[in-house]
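Participant: Dumping the structure here so I can ask a few things about it.
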Amino acid sequence: MAHLQLCTGLHRALAITAMAWCCAAPAQADTHRFAAQAVAAGDTRGHAFAVIDKSAATVSLYNAAGKLLAASPVLLGMAKGDMSVPGIGERSIPEIAEHERTTPAGRFISEPGKNLNGETVVWIDYDAAVSMHRLRPSNPLEKRPERMSTATPLDNRITYGCVNVPAEFYDRWVLPFLGKTKGVVYVLPETQPAKKLFAFLH
């Protein structure tokens with residue numbers, strides 16, 4: 283029964299992703315400006331790239347020319363913060379405390395790969411074991427599909443640091459543009475000014 287409820291929740295999340303995304307339009311304008319500045323400065327090095335806005339809990343995917351391809355709500359690390367705990371990528375899941383479950387901010391060279399379960403992922407920070415991957419079946423008590431589908435970003439903090447995206451979005455957009463070759467992933471900070479992390483904003 284739990285599995286059935288989870289599958290139903292996943293379908294519901296996919297069905298109303300667009301609705302949730304529309305509510306993030308003001309934050310999206312800031313993301314567009316950031317993307318345009320990154321391309322103008324040559325910081326993307328001719329790669330397709332993604333901009334993850336943790337405050338809005340969204341990801342925007344751009345081609346090498348800086349054209350917006352698609353955008354989606356995401357799930358992020360449970361804890362607020364812009365740094366990964368040193369050595370966290372070498373620890374097991376049960377060893378990671380709730381306050382350590384952050385999605386690190388910064389500029390990352392992404393690489394396609396697989397996790398320990400053989401699942402296709404896009405590595406954001408391999409050493410910290412942070413990746414972007416499909417929303418997968420998980421503990422029903424976490425209500426990940428429901429969190430993904432709500433219009434507010436306030437309940438999108440639940441992961442150990444990885445960026446979860448709807449499976450349909452991953453397969454249609456992330457996999458072709460970031461899942462075949464290296465790219466760039468920008469994760470905007472939430473506890474410090476973006477100018478401290480991205481020199482091209484100065």
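Residue 393 in our numbering sits at position 111 of the sequence shown, with consecutive numbering throughout.
Note that beta-carbon positions come from the ideal geometry of N, C-alpha and C, so glycine has one too.
Assign residue 452 to one of three DSSP states: helix, strand, or coil.
Facilitator: Residue 452: helix per DSSP, three-state reduction.
Participant: In whole angstroms, what is the alpha-carbon distance linking residue 372 and residue 325?
Facilitator: Those two C-alpha atoms are separated by around 30 Å.
Participant: Using DSSP with H/G/I as helix, E/B as strand and the rest coil, what is residue 370?
Facilitator: In the structure shown, residue 370 sits in a helix (DSSP, three-state: H, G or I).
Participant: Kindly indicate the opening and closing residues of the beta strand (DSSP E) around residue 342.
Facilitator: 340-344 is the span of the beta strand (DSSP E), which, as asked, contains residue 342.
Participant: Are the region 394-410 and the region 362-372 touching by the rule of at least three beta carbon pairs closer than 8 Å?
Facilitator: These segments touch.
Participant: For residue 418 and residue 382, what's the separation of their Cα atoms in angstroms?
Facilitator: So the alpha carbons of these two residues sit roughly 22 Å apart.
Participant: Since I believe residue 316 is in contact with residue 333 (beta carbons under 8 Å), could you give me their beta-carbon distance rounded to a whole number of angstroms?
Facilitator: Contact flag correct, Cβ pair sits at about 6 Å.
Participant: Considering only C-alpha positions, which residue in the set 461, 477 and 483 is nearest to residue 395?
Facilitator: Nearest C-alpha to residue 395: 461.
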